[in-house]
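Here's the structure, in structure tokens; my notes come after.
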């Protein structure tokens, strides 16, 4: 499929920050995101030294440890290219919390400059590349789950909806309590397993009762948490990362 028609300001090069969750547990989703970007004519650069954004330590109140982890990423993005992140959670940490985390540090200016170039994946496809998706799949109903960070920090919850709505054979259905958290929250699910378990139980039930054949999310942590609950309960219903879903629907995967 040829690249979509977009504004002249479309970048030719981007960095891709894959996130530790996608790297370790969902590498195919990261590769699918890269494939979509490359299909749009963008050169994707993947710094090999990347690891974690520091969010697990940060949300646990360990600012020093979070800063150490985040600092190791700062020097990886020396060219003035956008940094595309396939997760509202990690994107929110990098874009909104890195400047605060490094305030008063010698590398504060560098952290703020890097943060200013962070763009969440769905936002980049929709608003920067102005992608035009051509659906090649069979008719289907899907539900979309948006992470808390995508909704409240990055304000990108509508972008996933808009991308799915471009697919002519896909009906996006609304599930009950759509704006509610899935219960993952990184280390929250480990520190408060009972609360997290109740939240993901409610979310998985709502998704299954929506009439959708599957669900889609742009956040790897949410995907792992909800799919894990479904597998634990012996359910066949499953979800996919937004990148994988879009690539499959537009003929990019066999």
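Numbering (my numbering), first residue to last: 3 to 256.
For every residue, glycine included, the Cβ atom is placed at its ideal position computed from N, Cα and C.
Query                                                                                                                                                            : Result
Please state the DSSP three-state secondary structure of residue 231.                                                                                            : helix
If we call anything under 8 angstroms between Cβ atoms a contact, is residue 163 one with residue 174?                                                           : yes
Would you grab the beta carbon distance between residue 2 and residue 88 for me? Rounded to a whole angstrom, and I think it's under 8 angstroms.                : Outside the displayed range of the chain (3 to 256) lies residue 2, so it cannot be described from this structure.
Can you grab the Cα-Cα spacing for the pair residue 49 / residue 161, in whole Å?                                                                                : 26 angstroms
According to DSSP, which residues form a beta bridge with residue 61?                                                                                            : In the DSSP output, where bridge partners are listed per residue, residue 61 has none listed.
Could you check what DSSP says for residue 3 in three-state terms: helix, strand or coil?                                                                        : The predicted position of residue 3 is uncertain, since its pLDDT is 49 and thus under 50; a value taken from the coordinates is nonetheless stated next. The answer is coil: DSSP assigns residue 3 none of H, G, I, E or B.
With H, G and I counted as helix, E and B as strand and the rest as coil, what does DSSP make of residue 237?                                                    : coil
How is the beta strand (DSSP E) around residue 246 delimited, first residue to last?                                                                             : Counting along the chain, residue 246 falls outside any beta strand (DSSP E), though it belongs to the alpha helix (DSSP H) covering 244-251.
Are there three or more Cβ pairs, one per stretch, closer than 8 angstroms when the stretch 75-85 is compared with the stretch 114-128?                          : yes
Looking at C-beta atoms only, is the number of pairs between the stretch 25-41 and the stretch 62-80 that lie closer than 8 angstroms three or more?             : no
Only counting the same chain, and skipping five residues up and downstream in sequence, which positions put a Cβ closer than 8 angstroms to that of residue 236? : none
Could you give the DSSP three-state label for residue 45: helix, strand or coil?                                                                                 : strand
Between the stretch 72-79 and the stretch 100-116, do three or more beta carbon pairs fall short of 8 angstroms?                                                 : yes
DSSP three-state label for residue 123, please.                                                                                                                  : helix
For residue 78, verify whether its CB is less than 7 angstroms away from any heavy atom of the ligand FMN.                                                       : The ligand content of the structure shown is nil, which means the ligand FMN is not present either.
At what residues does the alpha helix (DSSP H) containing residue 145 begin and finish?                                                                          : From DSSP, residue 145 is part of no alpha helix (DSSP H) but of the beta strand (DSSP E) over 142-147.
Kindly indicate which residue of 207, 39, 107 has the alpha-carbon position closest to the one of residue 125.                                                   : 39
Leaving out five residues before and five after residue 231 in sequence, what residues of the same chain have Cβ atoms less than 7 angstroms from its Cβ?        : 202, 203, 206
With distances taken between CB atoms, is the gap from residue 249 to residue 15 smaller than 8 angstroms?                                                       : no
In this structure, what does DSSP give as the bridge partners for residue 175?                                                                                   : 145
Between residue 149 and the rest of its own chain, which residues show a CB-CB distance below 6 angstroms, the 5 nearest in sequence each way excluded?          : 90, 91, 221, 224
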